[in-house]
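If you use the UniProt record's numbering, the sequence shown corresponds to residues 1 to 169, in order. The C-beta atom is built at its ideal place from N, Cα and C for all residues, glycine as well. These figures come from a predicted structure and were not determined experimentally. What follows is a set of notes on a single structure, which appears directly below.
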Amino acid sequence: MKVLDTELASLSQTQRDRFRADNIGYIFQQFNLLPYLSVVDNVVLPCHFSKKRKQGADCDLKVEAKRLLKRLHLPEELLNKPVIELSIGQQQRVAAARAIIGKPQLIIADEPTSALDYANRTAFIELLMEQAKEADSTLVFVSHDPTLEKLFNTGLNLQDINLIKTGAI
């Protein structure tokens, strides 16, 4: 399988780990935040594993993290709290900021708006699109919400992909 013109099967496990850290930002459905770290420390975490992502942040990492979190409407008084003290919707925004910090080339978002209200969902999608465009990143966005499809250049239905895979189409 090729991702960003790199044949993943030809890489060692260590090289694949480096490739993922350098090039892919994930927004997991279950967030995978570290509960004992602060909000800001969770956001900057990918930059500690990747020099490329660290260099992709335009300024000091904590400043960049705070900028992203502000754009996602996370109150400043929460930034130094452990993420375990945040609501699910707030944790989702932290996970989103963590995925886009450092301008990864590929952003994979699995149901990233499921716990967000309309205003926060809109702010999140605007920031995600803006960051992806600015970094010339590819965005793979998975959602069960059909109202979001119109926001993207291309939409694929997983049922159609399965039909293609089985040869039905």
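- Secondary structure of Ala115 (DSSP, three-state): coil.
- Out of Met129, Leu163 and Thr166, the CA that lies nearest to the CA of Lys150 is found in Met129.
- Taking C-beta atoms as the reference points, Gly102 and Arg53 count as a pair closer than 9 Å.
- Our two residues, His73 and Thr154, have alpha carbons roughly 28 Å apart in a direct line.
- The beta carbon of Asn23 is closer than 7 Å to those of Leu4, Pro104, Gln105 and Leu106 in its chain, skipping five residues each way along the sequence.
- Distance from the CA atom of Ala119 to the CA atom of Phe49, rounded to whole angstroms, is 32 Å.
- Taking a C-beta distance under 9 Å as the contact criterion, Ser38 and Leu8 do not qualify as a contact pair.
- By the beta-carbon neighbour count (other beta carbons within 10 angstroms, threshold 16), Asn42 is buried.
- With contacts defined as CB atoms closer than 9 Å, Leu139 and Phe152 qualify as a contacting pair.
- Val83 is positioned such that its CB atom lies no closer than 9 Å to that of Ala65.
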